[in-house]
Amino acid sequence: MRFDLTTCVWGPWHLDIMGQIMLPTLLAPGNLPALAKQYDVRYRISTTHTGKARIQALPVFQKLAAGATIDMVVDTDEERPDPIHHVNWYHKAVQDARERGALCAFVPPDVAWANGTFEHMGSVMAAGKLGTAMPYLRVISETCSSEMAVMAKSMNGTLSIPPGELVRLGLRHLHPLTAAAMAHGRHGRPSLEMLWRVPGEGLLLRHMVRELFSFDPQHVTLTHLWYAGTGCTGNDIHIVRDSDEMMMLSFAPLLKDIPIYIPDHSVDAMDIARSSLHPWNDSPLNGEFPRHHIRLHHGPVTESRWRRVERCSDIEFKKTMVMRDVMRVWSALKDEGCSRTARLISLALQCAPLARRWPLDTLVSAFVPLDIGFPEIPSALIRDTGAATLMTWILNHVAAGTAQLTAGQSLTMLGGKVHRIVEDSGGTFINSSRIVRCVDVSPHRVYLVDKPLVLS
Amino acid sequence: MWMFLRIGFTSWTNRLCFLDMSNVPSPLDQARSLANFYLSLTEQAKPFHTAWNEVRKRIYGASWALHEIGSYFHQLILLKEVMDRFVSAGSAADPKPAFFDQTMLQVNSDLGLRTRRCYQAALILHPNQAETLYNLAVLDLHDGLREQAFSAFERIVELAPSRHCPPQAHLRANALWNMALILDSTGRSEEAATAFSRALQLLGNFGVQHRIWADWLQQHGRWAEAIEQYHLLMSYSHRYAPELLLPDLRSEERAARDERGGLLDPFSITPVKQMPDGGQIVYHALLYFKVPRGRDYNDPAILATASRTPGLFGRLRSVLFNRRGLSSTSVSCAFSLEDLTTPDVDATPPSIRRAIS
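Top to bottom, those sequences are chains A and B.
Numbered as in our numbering, the first sequence ends at 501 without a single skipped number.
Numbered as in our numbering, the second sequence ends at 1294 without a single skipped number.
So this is what it looks like as structure tokens:
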């Protein structure tokens, strides 16, 4: 079976880290050499003319060539191509791998791999998974690269770092960008993930989505930012849940992305839900990734400690998932002439414990009044600072599961009200509200009705 | 003319006494000393139109260089607070973050003081530099100096941002927003409402912080308006914190850096180059000083004796001092490192020569 590894690199900073750290860790026994025992590996490197010369002059280049077929591609005469070039390159590399029937993995130049990462990844793919997604920690390049480069030199160019040790290095050189995604952090940033410390043992990570590390391009298509697109389900993707399996550090200068920090605001469920709906981040598997607890540990795991933190994270990520779904419904309603209900939903989501107390983890059927039959928002719904009235009103417009809209059926709403389905020549009615049409907000069903089912 | 320059020069060397840090306890005093030194150069150069323009440009560049350095320390304050919170959630068994123990990151010094004196010096050189004034006001707010911050934000609203200002900074809107927060925290609700409204006229969405406005409306019983703001908050929007945005500076306005690219603090004495003759070049007060071998370059008093100024007036240097044959063993200073490391040539423009003769 063929396997294409692919890197796109240029510029002294990236070339330095690639030569001093990434390649030495790739050459660890449990990485490229182990993968080469399982697969026919081709390593494709897209670079500039200068980059090619520098890579070929690296002391580790001969070792690299012994482990895989090296294919250096210089498809630009520019020494500093536009950054979009690397995005285009990786997508082109996927296309090439697809055409020759190879599996594919992305090998960024500015990272360090834990020993065993590629061996495990190869085994997972051989067992039939269509893709893998692995966690990583951002580290400060100014401090970490020098320490690791010294380690690599002392180990004759091959740097074998056990996963626990890599996590320890990650925590030691942790980048504030990662720390800013901490639950209850001092300052935050736009984020698709949240982290909790497990004192003395590591970090618990929860994320909405993750780029694929490896995948089968015959089946899986990727989104613009390399998330799993179409052609696979959650079961097809192996989401790494323990750093012992696969782990990576990603290098970044200390001031990287400094303008995006949000002073005096810690990342919360609402932020993550909103970010996950950005068109570049919204992938079909965004419902799958958040279900997993990801343990990044630097020593033995004390189960009770991790469970306790995981329970805290469950509360936050339940809210995130509910908020994400409610936002999707809200977005659909805005476009369907239900702006008043959309406004009530936004109020309930932000001022009422709607997400925290949402009673279900399954699909629902919602009955939403069109503006035409809901000309004014009752003041009782928005003036109640405890928001209990609003919560009840919303829950009395939602039923669990796929509603059977058959005449004579009764539907028990989540707020406790029971509504009867009636049919006559005028159409199908729930209570006395006529069902006008259905909107698909998969997996949920949203029925637009000509007036509210209840007033307050 | 020569006399005038000698007087100006003496005045400048006197002002270099600020280098004796034991006599300058406050950041503002330090800032004043450094800035006044620069302003004294302006006075010296007035008689020479070319030199005057040159020095004026230097002063303008220095104010931005100080802004850039201040911003760097300001950013470190934020990053340090991020990391402090991270550490507090861990335990002694966790690795201590290298963020705190690497001197190259400069996070263990008094960042607040270092930030403040840079901003203050920049503002003495260029009092209407809106971006610097904004950053200093944010720092004041951070340090609990609310009245001081409020006054500064009021001024910013009246000032035009510089041509360097990134479009996403929205300085006036953010100044009004901060004024509203201060007013609200002091119980001046009506004035806060006015300030919020003015801010929102300039910038319709304050990102995740927009929640503050929605909550404010709800708490004040303005239900219908509140619900509109919560509605707006459902989509993601980012408000950039202006203090984290670096202005788009030209090379002559950028702060000096060491060989590794690290910024040099003009309030410290930083060795930057060892000369073949054993002399040492240090960076201090936005200037480079060449200190002969055997003299202690860490001693501010030694730097204050600078008796030659190659490059200080750019092309004037050889005319003013070298030809006078001052001792080659004295301390020299210049605006750029190159002026001290390249062989001295008399490149004085004819117009300046005429003026001097």
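Glycine included, C-beta positions come from ideal geometry on N, C-alpha and C.
Note that the structure is a prediction, hence the values are computed from the model and not measured.
(request) Give the residues from the segment 223-239 of chain A that approach chain B closer than 7 Å (Cβ to any Cβ), ordered along the chain. (result) Result list: Ala224, Ala225, Met227, Gly230, Arg231, His232 and Pro235.
(request) Report the three-state DSSP secondary structure of B:Leu1120 (helix, strand or coil). (result) Taking the first residue of the second sequence as position 1, residue 1120 of chain B is located at position 183. Helix.
(request) Look up A:Thr473 in the DSSP assignment and say whether it is helix, strand or coil. (result) For this step, residue 473 of chain A is matched to residue 428 along the first sequence. For A:Thr473, the three-state secondary structure derived from DSSP is strand.
(message) Using a Cβ-Cβ cutoff of 8 Å, what residues of the segment 281-308 of chain A are near chain B? List them in chain order.
(response) Listed in sequence order: Leu299, Leu300, Ile303, Pro304, Ile305, Tyr306, Ile307 and Pro308.
(request) To the nearest angstrom, report how far apart A:Leu216 and B:Arg995 are at their CA atoms. (result) To locate residue 216 of chain A, count along the first sequence from 1; it is residue 171. To locate residue 995 of chain B, count along the second sequence from 1; it is residue 58. Straight across, the Cα-Cα distance linking A:Leu216 with B:Arg995 is about 43 Å.
(message) Using CA atoms only, rank isn't needed, just tell me which of A:Leu394, A:Pro329, A:Thr268 and A:Ala157 is closest to A:Leu214.
(response) Taking the first residue of the first sequence as 1, we reach residue 214 of chain A at position 169. Cα-wise, what sits closest to A:Leu214 is A:Ala157.
(request) Give the secondary structure of A:Thr258 by DSSP, where H, G and I count as helix, E and B as strand, and everything else as coil. (result) Position 213 of the first sequence, counting from 1, holds the residue named residue 258 of chain A. Contrary to the premise, residue 258 of chain A reads as Phe rather than Thr in this sequence. Under the three-state reduction of DSSP, A:Phe258 is assigned to coil, being neither helix nor strand.
(request) Could you check the C-alpha separation between B:Asn1111 and B:Ala1192 for me, to the nearest Å? (result) The residue you call residue 1111 of chain B lines up with position 174 of the second sequence. The residue you call residue 1192 of chain B lines up with position 255 of the second sequence. Distance from the CA atom of B:Asn1111 to the CA atom of B:Ala1192, rounded to whole angstroms, is 26 Å.
(message) I need the DSSP call for A:His283, collapsed to helix, strand or coil.
(response) Stepping through the first sequence from its first residue, residue 283 of chain A is reached at position 238. Here A:His283 sits in strand by DSSP.
(request) Would you tell me roughly how many angstroms separate the C-alpha atoms of A:Arg482 and A:Gly446, rounded to the nearest one? (result) Within the first sequence, numbered from 1, the residue matching residue 482 of chain A stands at position 437. Within the first sequence, numbered from 1, the residue matching residue 446 of chain A stands at position 401. Straight across, the Cα-Cα distance linking A:Arg482 with A:Gly446 is about 18 Å.
(message) According to DSSP, is A:Trp241 part of a helix, a strand, or is it coil?
(response) For the purposes of this step, residue 241 of chain A is identified with residue 196 of the first sequence, where counting begins at 1. In this structure, A:Trp241 counts as strand in the three-state DSSP scheme.
(request) Could you list which residues in chain B have their beta carbon closer than 8 Å to that of A:His323, in chain order? (result) As a first step, residue 323 of chain A must be located in the first sequence, where it is residue number 278. Ordered by position in chain B, the residues that pass the 8 Å Cβ test against A:His323 are Tyr1173.
(request) Inspect the beta-carbon positions of A:His229 and A:Ile307 and report whether they are closer than 8 Å. (result) Taking the first residue of the first sequence as 1, we reach residue 229 of chain A at position 184. Taking the first residue of the first sequence as 1, we reach residue 307 of chain A at position 262. In this structure, A:His229 lies away from A:Ile307, with their beta-carbon atoms at least 8 Å apart.
(request) Kindly confirm or deny that the segment 1044-1057 of chain B and the segment 1011-1026 of chain B touch, where touching means at least three C-beta pairs closer than 8 Å. (result) Flag = yes, the segment 1044-1057 of chain B and the segment 1011-1026 of chain B touch.
(request) Please list the partners that B:Asp1276 has in chain A, where partner means a Cβ-to-Cβ separation under 7 Å. (result) Mapped onto the second sequence, residue 1276 of chain B falls at position 339. Near B:Asp1276 there are no residues of chain A at all, since even the closest Cβ is about 28 Å away, more than 7 Å.
(request) Quick one: which unbroken beta strand (DSSP E) runs of 3-plus residues sit fully inside the segment 1171-1230 of chain B? Chain order, please. (result) 1207-1211, 1217-1221 and 1224-1228, all fully within the segment 1171-1230 of chain B.
(message) Using CA atoms only, rank isn't needed, just tell me which of A:Pro324, A:Pro398 and A:Leu415 is closest to A:Ser384.
(response) Position 339 of the first sequence, counting from 1, holds the residue named residue 384 of chain A. Nearest Cα to A:Ser384 within the set A:Pro324, A:Pro398 and A:Leu415: A:Leu415.
(message) At a CB distance below 8 Å, what residues from the segment 1160-1172 of chain B approach chain A? Give them in sequence order.
(response) The residues in question are Trp1160, Ala1161, Ala1163, Ile1164, Glu1165, Tyr1167, His1168, Leu1170, Met1171 and Ser1172.
(message) Is there a Cβ of chain A sitting closer than 8 Å to that of B:Pro1032, yes or no?
(response) Within the second sequence, the letter at position 95 stands for residue 1032 of chain B. Between B:Pro1032 and chain A, the shortest Cβ-Cβ separation is below 8 Å.
(message) Would B:Gln1211 pass as an interface residue toward chain A - the criterion being a Cβ-Cβ separation below 8 Å?
(response) The sequence position of residue 1211 of chain B within the second sequence is 274, counting from 1. No, B:Gln1211 lies away from the interface with chain A (no Cβ there is under 8 Å from its Cβ).
(request) Report the rounded CA-to-CA distance for A:Pro126 versus B:Glu1128, giving the unit in angstroms. (result) As a working note, residue 126 of chain A is residue 81 in the first sequence. As a working note, residue 1128 of chain B is residue 191 in the second sequence. If you take the alpha carbons of A:Pro126 and B:Glu1128, they lie about 52 Å apart.
(message) Nearest by alpha-carbon distance to A:His269: which of A:Asp406, A:Met292 and A:His130 is it?
(response) Here residue 269 of chain A refers to the residue found at position 224 of the first sequence. Shortest Cα-Cα distance from A:His269 to any of A:Asp406, A:Met292 and A:His130 involves A:His130.
(message) Using only the alpha-carbon positions, how far apart do A:Ala1 and A:Leu267 sit?
(response) This structure cannot speak to residue 1 of chain A, because chain A is shown only from 46 to 501.
(message) For the structure I just gave you, are there three or more beta carbon pairs, one from the segment 1165-1184 of chain B and one from the segment 338-350 of chain A, closer than 8 Å?
(response) Under the Cβ criterion (8 Å, minimum of three pairs), the segment 1165-1184 of chain B does not count as touching the segment 338-350 of chain A.
(message) On a Cα-Cα basis, can you pick out the residue from B:Asp1047, B:Ala1089 and B:Thr1278 that is closest to B:Ala1067?
(response) Reading the second sequence from its first residue, position 130 is the one you call residue 1067 of chain B. Nearest option by C-alpha distance: B:Ala1089.
(request) Please classify A:Val184: is it buried, with 16 or more other beta-carbons within 10 angstroms of its beta-carbon, or exposed? (result) For this step, residue 184 of chain A is matched to residue 139 along the first sequence. Under this definition A:Val184 is a buried residue.
(request) Return helix, strand or coil for B:Asn1259, following the three-state DSSP convention. (result) Stepping through the second sequence from its first residue, residue 1259 of chain B is reached at position 322. Below a pLDDT of 50, predicted positions are generally treated as unreliable, and B:Asn1259, at 40, falls in that range; no measurement from the model is reported.
(request) Reducing DSSP to helix, strand and coil, say where A:His338 ends up. (result) To locate residue 338 of chain A, count along the first sequence from 1; it is residue 293. In this structure, A:His338 counts as coil in the three-state DSSP scheme.
(request) Would you tell me roughly how many angstroms separate the C-alpha atoms of A:Phe296 and A:Arg87, rounded to the nearest one? (result) Numbered from its first residue, the first sequence carries residue 296 of chain A at position 251. Numbered from its first residue, the first sequence carries residue 87 of chain A at position 42. Taking the straight line from one Cα to the other gives about 25 Å.
(request) Specify the secondary structure class of A:Glu290 as computed by DSSP and reduced to three states. (result) In the first sequence, the residue the question calls residue 290 of chain A occupies position 245. DSSP, reduced to helix, strand and coil, places A:Glu290 outside both helices and strands of the structure shown, so it counts as coil.
(message) One question on the structure: do B:Gly1027 and A:Pro244 come within less than 8 Å of each other, judged by their Cβ atoms?
(response) On the second sequence, position 90 is the one that residue 1027 of chain B refers to. On the first sequence, position 199 is the one that residue 244 of chain A refers to. Yes. Within cutoff.
(message) Could you compute how far the alpha carbon of B:Ala1238 sits from the alpha carbon of B:Arg1232?
(response) Position 301 of the second sequence, counting from 1, holds the residue named residue 1238 of chain B. Position 295 of the second sequence, counting from 1, holds the residue named residue 1232 of chain B. Going from the Cα of B:Ala1238 to the Cα of B:Arg1232 covers about 11 Å.
(request) Mark B:Arg1109 as exposed unless 16 or more other C-beta atoms lie within 10 angstroms of its C-beta, in which case mark it buried. (result) Within the second sequence, numbered from 1, the residue matching residue 1109 of chain B stands at position 172. Buried: at least 16 other Cβ atoms inside 10 Å.
(request) Assuming A:Trp438 contacts A:Val499 (C-beta within less than 8 Å), just tell me the rounded distance between them. (result) Locating residue 438 of chain A in the first sequence gives position 393, where the first residue counts as 1. Locating residue 499 of chain A in the first sequence gives position 454, where the first residue counts as 1. Contact flag correct, Cβ pair sits at about 6 Å.
(request) May I ask you to report which of helix, strand or coil DSSP gives A:Gly176? (result) What you label residue 176 of chain A is simply residue 131 of the first sequence in a count that begins at 1. Reduced to three states, the DSSP call for A:Gly176 is strand.
(request) Measure the CB-CB distance between A:Leu250 and A:Ile339 and report whether it falls below 8 Å. (result) As a position in the first sequence, residue 250 of chain A is number 205, starting the count at 1. As a position in the first sequence, residue 339 of chain A is number 294, starting the count at 1. For A:Leu250 and A:Ile339, yes; Cβs fall inside 8 Å.
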